[in-house]
Amino acid sequence: MPLVSSTEMFKKAYGKYAVGAFNVNNMEIIQGIVDAAKEEQAPLILQVSAGARKYAKHIYLIKLIEAAVEDTGLAICLHLDHGEDFEICKACVDGGFTSVMIDGSKFPFEENIALTAKVVEYAHAHGVSVEGELGRLAGVEDAVKVNAKDATYTDPDQAVEFVKRTKVDSLAIAIGTSHGAYKFKGEPQLDFARLEKIAKLLPDFPLVLHGASTVLPEFVAKCNKYGGKLSDAQGVPEDMLRKAGTMGVCKINIDTDLRLAMTASIREHFANNPGDFDPRQYLKPAREAVKNMVKHKLSQVLNCSNKI
Ligand code: G3H
Ligand code: 13P
Ligand code: ZN
């Protein structure tokens, strides 16, 4: 089974459930995720950020993911997360990825369109699907005020023009989520009316939700119990993610929740075993913690178990 693009996954999922896109940085994270997807018989996107590519090197990640495909028999989509320019997208297309994101969201509309269209032209010629982004996630850039809603959230009419002119295969939208563990100061709120409008104007077109970790309180508490300092951490409630998955959001990005699960496990391990220095002793339970988190996401949040 080779790596696959996201096109068929999204067609099957549209309006019913979302496919999980999990960030990977090393072998244990990859193994935890794919073992969970295999047990749940779920479609799967593994995504690699520029930071992950720099940390682990492109070739190591590709080989590990090829090994995961061979080991599990799963149809996995390998996706570049937040590609910031044409060059990194091209390197990933040339280097075996089956999907890339070009994140031109920091540029003015016309520049974002020109950059995204250039990536689409190259990627499509090589059978690779492309995710674009329009609107900026709240809280990402220091200069953007979180409450400057209309300035940062995705404009529905612009989304239609963006998709038409760029020919992207999916679009990441900003409706109130943000990256990391500190997403909301008060009550969590997503702009579902905006999502509904975008989905109505772009029928059957796959939308993507970034910044979709839930930051489950038990993992924050566990980190804090063993020396962490994550007191204001707050994520996207699970019922909101379940709702988004029925409204045209076909891909839900999760990284922070895996980091928290892994870190909580490692912190607990060292609190209980201060004399350990064999990496296998703390990475084995950490890998299991990633697997359990992903199983929870696939079966309880994304509703994509038994969908392959
Ligand atoms: O959207 C960002 C992802 O969580 C990846 O984070 O750039 O630290 O690898 P990273
Ligand atoms: P979280 O930080 O909420 O996990 O979001 C990850 C993400 O959007 C990766 O692109
Ligand atoms: Zn993201």
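Numbering-wise (numbering that gives the first Met the number 0), the sequence shown opens with residue 0 and increments by one. The C-beta atom is built at its ideal place from N, Cα and C for all residues, glycine as well.
Using a Cβ distance threshold of 8 Å, Gly82 and Ile253 do not count as a contacting pair. DSSP places Asn111 in the helix class (H, G or I) of the three-state scheme. Annotated three-state conformation of Lys89 is helix, per DSSP. The C-beta distance from Asn24 to Tyr54 rounds to 6 Å, short enough to fall under 8 Å.
The C-beta distance from Glu195 to Met246 rounds to 6 Å, short enough to meet the 8 Å contact threshold.
Contact between the region 5–12 and the region 164–174 is present: 3 or more CB-CB pairs across the two stretches fall below 8 Å. Shown in chain order are the residues whose CB sits closer than 7 Å to a heavy atom of ligand 1: Asn22, Asn24, Ser48, Ala49, Gly50, Ala51, Asp80, His81, His178, His209, Asn252, Asp254 and Thr255.
Residue pairing by DSSP places Lys250 opposite Val18 and Val207 in a beta bridge. Going by C-alpha positions, Thr255 is about 15 Å away from Ile29. Rounded to whole angstroms, the separation of the alpha carbons of Tyr181 and Asp231 is 7 Å. Distance between Phe9 and Asp275, taken at the CA atoms: about 44 Å. Rounded to whole angstroms, the gap between the alpha carbons of Arg135 and Thr151 is 5 Å. Under the rule that a run must span 4 or more residues, the alpha helix (DSSP H) segments found entirely inside the region 9–66 read 26–39 and 49–55.
Runs of the alpha helix (DSSP H) spanning 4 or more residues and lying entirely within the region 154–186 occur at 155–165, in chain order. By the criterion of at least three beta-carbon pairs nearer than 8 Å, the region 91–106 is not in contact with the region 260–279.
Taking 8 Å as the cut-off, the beta carbon of Gln46 is found no closer than this to the beta carbon of Ser304. Not one heavy atom of ligand 2 is found less than 7 Å from the C-beta of Ala35. A distance below 8 Å separates the beta carbons of Glu27 and Leu282. Looking from the CA of Thr165, the closest CA among Thr176, Ile307 and Glu132 belongs to Glu132. Take the alpha-carbon of Val33 and the one of Ala192: they are about 34 Å apart. Within the region 230–293, the runs of alpha helix (DSSP H) at least 4 residues long that lie entirely inside it are, in chain order, 237–243 and 255–271.
For the options Ala158, Gly185 and Lys163, the alpha carbon positioned closest to that of Val119 is the one of Lys163. Around the beta carbon of Tyr16, 16 or more other beta carbons lie within 10 angstroms, which makes this residue buried. CA-CA distance, Lys242 to Ile61, rounds to 33 Å.
Relative to ligand 2, the beta carbon of Ser230 is positioned no closer than 7 Å to any heavy atom. If you look at Ile197, you'll find it in the alpha helix (DSSP H) that goes Phe191 to Leu200.
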